[in-house]
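Undergrad:
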Amino acid sequence: MRDNWIHAAPLRAVARACALTLAACALLPFGLAGCDKHGETHAEPEPVGGPTVLRRLTESQYRATVADIFGPDIPVPARFERGLRVDGLLAIGSSESGMSPFSIEQYDAAALSIATTVLGVDKRDTYLSCAPASTDTFAEDCARQFVQRYGLQLWRRPLADAEVNALVDAARRGHAQLGDFYAGLKYALVGMMVAPEFLLRIETTEADAQHPGLLQLDAFAKATRLSYFLTNSTPDQELLRAADAGELDTDAGLSRQVDRLIASPRFAGAVRAYFEDMLQFDLFNDLAKDPIIYPAFNSTLAADAQEQTLRTITELLIDQDGDYRNLFTTRDAWLTRALGIAYRVPVATRNGWEKAQFAGDSTRIGIQAHIAFLALHAHPGRSSPSLRGKAIREVFLCQEVPPPPPNVNFSVVQDPSSTNLPTARDRLEIHRTEPSCAGCHRIMDPLGLALENFDGLGTFRTVENAALIDASGALDGVEFSNAAGLAQALHSHPETPRCLVEKMYRFAVGRDTAWDERAYMDYLTEAFTVGGYRVPQLMRTIALSKNFFAIATPEEGGDGHQLANLATANGAQP
Numbered sequence: 122m123r124d125n126w127i128h129a130a131p132l133r134a135v136a137r138a139c140a141l142t143l144a145a146c147a148l149l150p151f152g153l154a155g156c157d158k159h160g161e162t163h164a165e166p167e168p169v170g171g172p173t174v175l176r177r178l179t180e181s182q183y184r185a186t187v188a189d190i191f192g193p194d195i196p197v198p199a200r201f202e203r204g205l206r207v208d209g210l211l212a213i214g215s216s217e218s219g220m221s222p223f224s225i226e227q228y229d230a231a232a233l234s235i236a237t238t239v240l241g242v243d244k245r246d247t248y249l250s251c252a253p254a255s256t257d258t259f260a261e262d263c264a265r266q267f268v269q270r271y272g273l274q275l276w277r278r279p280l281a282d283a284e285v286n287a288l289v290d291a292a293r294r295g296h297a298q299l300g301d302f303y304a305g306l307k308y309a310l311v312g313m314m315v316a317p318e319f320l321l322r323i324e325t326t327e328a329d330a331q332h333p334g335l336l337q338l339d340a341f342a343k344a345t346r347l348s349y350f351l352t353n354s355t356p357d358q359e360l361l362r363a364a365d366a367g368e369l370d371t372d373a374g375l376s377r378q379v380d381r382l383i384a385s386p387r388f389a390g391a392v393r394a395y396f397e398d399m400l401q402f403d404l405f406n407d408l409a410k411d412p413i414i415y416p417a418f419n420s421t422l423a424a425d426a427q428e429q430t431l432r433t434i435t436e437l438l439i440d441q442d443g444d445y446r447n448l449f450t451t452r453d454a455w456l457t458r459a460l461g462i463a464y465r466v467p468v469a470t471r472n473g474w475e476k477a478q479f480a481g482d483s484t485r486i487g488i489q490a491h492i493a494f495l496a497l498h499a500h501p502g503r504s505s506p507s508l509r510g511k512a513i514r515e516v517f518l519c520q521e522v523p524p525p526p527p528n529v530n531f532s533v534v535q536d537p538s539s540t541n542l543p544t545a546r547d548r549l550e551i552h553r554t555e556p557s558c559a560g561c562h563r564i565m566d567p568l569g570l571a572l573e574n575f576d577g578l579g580t581f582r583t584v585e586n587a588a589l590i591d592a593s594g595a596l597d598g599v600e601f602s603n604a605a606g607l608a609q610a611l612h613s614h615p616e617t618p619r620c621l622v623e624k625m626y627r628f629a630v631g632r633d634t635a636w637d638e639r640a641y642m643d644y645l646t647e648a649f650t651v652g653g654y655r656v657p658q659l660m661r662t663i664a665l666s667k668n669f670f671a672i673a674t675p676e677e678g679g680d681g682h683q684l685a686n687l688a689t690a691n692g693a694q695p
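Residue numbering for the sequence shown follows my numbering, beginning at 122 and increasing consecutively.
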């Protein structure tokens, strides 16, 4: 099985590297679903299914879930463990990471704090429609109502009678020890919030009547996968009602719920969560800059830089329903005073955000020229064309760049004060002449060097060590003279939309795609292209597709599915 995986990896890389534009479909040596020489959209291919996954709630999902169930004013005092990034996404790592004792302690502390606030004197009437005759009396019916109501929301499915009884019994024993009904009820709420049913998204299946040999997620598992994909939070009461009524098993019922969720204010949270993951913003937790070289960098700037990019993304993709590719060529910007200092742009607003636009004759164009990208993919005291070029390949084009050999000598590149080699282009030329380094540097450096007019923080410059910076480069045969040219090349690259499609689907299902899902990827890519590269429409297409809920049994799935099942089984143990 391991050998099969090794052989399958290049095949998957080939599939990702194919530029499946409509014009190029006829040139491919094998037929792929979704391609048509007239550019017409084909119907969704028959589902092949993938494995179920056991996914741990991410920090943002945990916080959003608590806010949606109990209210945004309920604090969550916890330090969450670092997420595991697998195949470029934390969303996939959430199905393969375990739980350390530290995580369990933090979940327990958070649950106790939330329960204390929810059942405290000031708020308990908000969450309970009943009350005991006196606090020293145990009101079993009231406790049962509370457990059934919040158990459904927290566990994202109705609780079995035995589960309800066990939680009510926990509240009863708590009351017996503490002599207070609400103090005892906290035991039940804490029990629900530290249970695997809350902390993990446990997927359950049923037979798929329309596709013999396949399984599908059951109604409540569908609601959960749908909600966390389209809102980054738990199913609301309306979605749970629709699941209970069987409406998610009908095309019309599913469509109503998908359209409702996309139209809701919570949809922006899902788009933000996806791009935070795609852009690797979790790495900001470890980002450091030399305070002597970059005095403008601090925690405020780091937070504002991330928010600037996310605001730009949501405004273009949601508010304007714009073309995804325009993220690489937009000059629209949101600025704060802290960002204005780093960008060297005046900001009139003393506190808060203001809308701006970078000058049309500048090379500050696209989110890849934002401080969030430039500072993150640079060293503490200098820029890095290699890191930036690698990030462009992997983040925006889904092209894997292998790590450097263990015996590489970085001393020359790491010396920015060299008078003989004043610019990064000069210093990197040494690596490009080393046979063991040349291959990777040829695909990374021409992209990163186009961003060399931005220093290690992201501030614009024209010279390095008094030498004029040459920001010319090339992307897969497209040559350009500066960062603005790179922006246009990224906008027009055929892999840019396909990469977004694949990552979005993998984010949605929490696993890598299998080889036999390539026809479905082609279908999604074509639909995305024909739809004008609109991200909300892409997310709608995924959410309404049969493939999104299809589950392959181990004996029915191909090698890709068997390997995915094996990886999930080995990596998703709590």
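Even glycine gets a Cβ: it sits at the ideal position worked out from N, Cα and C.
Buried or exposed: which applies to N574, given that a residue is buried once 16 or more other Cβ atoms fall within 10 Å of its Cβ?
TA: Counting Cβ neighbours within 10 Å, N574 comes out buried, since at least 16 surround it.
Undergrad: Which of the three DSSP states, helix, strand or coil, is assigned to F201?
TA: Reduced to three states, the DSSP call for F201 is coil.
Undergrad: If you draw a straight line from the alpha carbon of A264 to that of V187, how long is it in whole angstroms?
TA: Straight-line Cα distance between these residues: approximately 20 angstroms.
Undergrad: With distances taken from CA atoms, which of T450, T451, F449 and V466 is nearest T457?
TA: The shortest C-alpha separation from T457 is found at V466.
Undergrad: With respect to the beta strand (DSSP E) encompassing L338, which residues constitute its N-terminal and C-terminal limits?
TA: Its beta strand (DSSP E) spans residues L335 to L338.
Undergrad: Beta-carbon within less than 7 angstroms of T421's beta-carbon, same chain only, minus the 5 sequence neighbours each way: which residues are those?
TA: Contacts found: A459.
Undergrad: What residue from F669, V379, S483 and A389 has the CA that sits closest to T580's CA?
TA: Cα-wise, what sits closest to T580 is S483.
Undergrad: Taking the alpha-carbon positions, what's the A463 to H612 distance?
TA: Each residue's Cα considered, the two are about 26 angstroms apart.
Undergrad: Tell me where the beta strand (DSSP E) around R176 begins and ends.
TA: It spans L175 to R177 - the beta strand (DSSP E) in which R176 sits, taken as one unbroken run.
Undergrad: If E616 and C519 are in contact, beta carbons under 8 angstroms, what's the gap, nearest whole angstrom?
TA: Sure, about 7 angstroms apart at Cβ, within 8 angstroms.
Undergrad: Taking all protein chains shown into account, decide if S221 is buried (16 or more other Cβ within 10 angstroms of its Cβ) or exposed.
TA: Classification of S221: exposed, given that the 10 Å Cβ count is below 16.
Undergrad: Since I believe G594 is in contact with P567 (beta carbons under 8 angstroms), could you give me their beta-carbon distance rounded to a whole number of angstroms?
TA: That pair is a contact at about 4 angstroms.
Undergrad: Excluding the five sequence neighbours on either side, which residues of its own chain have a C-beta within less than 8 angstroms of the C-beta of Q266, listed in chain order?
TA: Answer for Q266: L249, S250 and C251, listed in chain order.
Undergrad: Checking the sheet assignment: what are the DSSP bridge partners for V169?
TA: Looking at the DSSP assignment, V169 forms no beta bridge with any residue, so it has no partner.
Undergrad: In three-state DSSP terms, what is I383?
TA: Reduced to three states, the DSSP call for I383 is helix.
Undergrad: For Q478, which of helix, strand or coil comes out of DSSP?
TA: Note: Q478 maps to strand in three-state DSSP.
Undergrad: CA-CA distance, M203 and R184?
TA: Rather than Met, the amino acid found at residue 203 in this sequence is Arg. Their backbone Cα atoms lie some 15 angstroms apart in a straight line.
Undergrad: Just how far apart, CA to CA, sit Y308 and A409?
TA: Roughly 42 angstroms between the two C-alpha positions.
Undergrad: Which residue marks the beginning of the beta strand (DSSP E) containing V599, and which one marks its end?
TA: V599 -> beta strand (DSSP E) spans V599 to F601.
Undergrad: Would you grab the beta carbon distance between S666 and G577 for me? Rounded to a whole angstrom, and I think it's under 8 angstroms.
TA: Actually they are not in contact, since the Cβ atoms of S666 and G577 sit about 43 angstroms apart, beyond 8 angstroms.
Undergrad: For the beta strand (DSSP E) containing G214, list its first residue and its last residue.
TA: No beta strand (DSSP E) contains G214, which is instead part of the alpha helix (DSSP H) from L211 to G214.
Undergrad: I'd like to know whether the C-beta atoms of Q378 and A363 end up nearer to each other than 7 angstroms.
TA: Taking 7 angstroms as the Cβ cut-off, Q378 and A363 qualify as a contacting pair.
Undergrad: Just verifying my parser: in three-state terms, what is the DSSP assignment at L549?
TA: Residue state, collapsed to three classes: helix.
Undergrad: Leaving out the 5 sequence neighbours to the left and right, which residues in its chain are closer than 6 angstroms to E327 when beta-carbon positions are compared?
TA: Hits under 6 angstroms: D339.
Undergrad: Which of the three DSSP states, helix, strand or coil, is assigned to F418?
TA: Note: F418 maps to coil in three-state DSSP.
Undergrad: Quick check on F223: buried or exposed, where buried means 16 or more other Cβ atoms within 10 Å of its Cβ?
TA: Exposed is the call here.
Undergrad: Run the CB neighbour count on T583, radius 10 Å, all protein chains shown included, and call it buried at 16 or more, exposed below.
TA: Exposed: under 16 other Cβ atoms inside 10 Å.
Undergrad: Beta carbon of D370: closer than 6 angstroms to some heavy atom of the ligand ATP?
TA: Here there are no bound small molecules, and the ligand ATP is not part of this structure.
Undergrad: For F151, collect the residues of the same chain with a Cβ closer than 8 angstroms to its Cβ; drop the 5 residues on either side in sequence, then sort them by chain order.
TA: Residue placement at F151 cannot be trusted, given a pLDDT of 28 that sits under 50; the coordinates are not used to answer.
Undergrad: Between A423 and F405, how many whole angstroms is the CB-CB distance? I'm expecting something under 8 angstroms.
TA: Contact flag correct, Cβ pair sits at about 5 angstroms.
Undergrad: Use the C-beta contact count for T371: other C-beta atoms within 10 angstroms, 16 or more gives buried, fewer gives exposed.
TA: Result: exposed.
Undergrad: How would you call G192, buried or exposed, if buried means at least 16 neighbouring beta carbons within 10 angstroms?
TA: By the 10 Å Cβ count, G192 comes out exposed.
Undergrad: Using the C-alpha atoms, what's the distance from G272 back to A144?
TA: Residue placement at A144 is flagged as unreliable, the pLDDT there being 30, under the threshold of 50; the coordinate-derived value follows with that caveat. Approximately 52 angstroms, taken between the alpha carbons.
Undergrad: Using a Cβ-Cβ cutoff of less than 6 angstroms, which residues in the same chain neighbour S234 once the five nearest sequence positions on both sides are dropped?
TA: So the qualifying residues of the chain are P198.
Undergrad: Near T634, which residues of its chain fall below 7 angstroms by C-beta distance, leaving aside the five closest residues on each side in sequence?
TA: Answer for T634: E623, Y626, R627 and M642, listed in chain order.
Undergrad: How is E327 classed by DSSP in three states: helix, strand or coil?
TA: Strand at E327.
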